[in-house]
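Asks:
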Amino acid sequence: MTLNNIVTFFRFIVVGVSNTLVDFFVFFSLVTLGMPYMWAQIFGYSVGVMNSYIWNRSWTFRAKGAIMEPFFRFLVVNVCSLMVTIAILHVCKEGLPIFWGKMIATMSGIAINWFGIRMWVFSTKSVS
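Position one of the sequence shown corresponds to residue 1 (UniProt numbering), numbered consecutively onward.
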């Protein structure tokens, strides 16, 4: 792993922490207000995705050129990640407190996003 990859991964983690904080805030606020957890997950995750694209494009991967193609790819990766996190929350809802289900879902989403975003969305081979 090169120094550049380490710096990029560190930036990805920093952006990811901010996305997670935004997501958790929205998710738990909506659940507290009585919204079903699946809808709260969709809304919280969506707000985090918007934050993520802006910061990952401009700061983490410093992407130049086309905006729409990488944005579409970014959405595809995040929809896949969202589906996995919802499935995990659904599986965990019966046996774990919602906090622990959310933590497991979040860690799974991080792994999916890192590989999808790094290798497909903002790869120097895929960004025009």
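For each residue, glycine too, the CB sits at the ideal point set by N, CA and C.
Closer than 8 Å is the cut-off here; do at least three beta carbon pairs connect the segment 8-17 with the segment 28-37?
Replies: no
Asks: In three-state DSSP terms, what is proline 70?
Replies: helix
Asks: With distances taken from CA atoms, which of Gly48, Ile42 and Phe74 is nearest arginine 57?
Replies: Phe74
Asks: So what's glycine 34 in DSSP terms, helix, strand or just coil?
Replies: coil
Asks: I need the DSSP call for arginine 11, collapsed to helix, strand or coil.
Replies: helix
Asks: Please classify alanine 63: is it buried, with 16 or more other beta-carbons within 10 angstroms of its beta-carbon, or exposed?
Replies: buried
Asks: Counting along the chain, where does the alpha helix (DSSP H) carrying threonine 106 start and finish?
Replies: 98-116
Asks: Could you check whether serine 108 and valine 76 sit closer than 7 Å to each other, using their CB atoms as the reference points?
Replies: no
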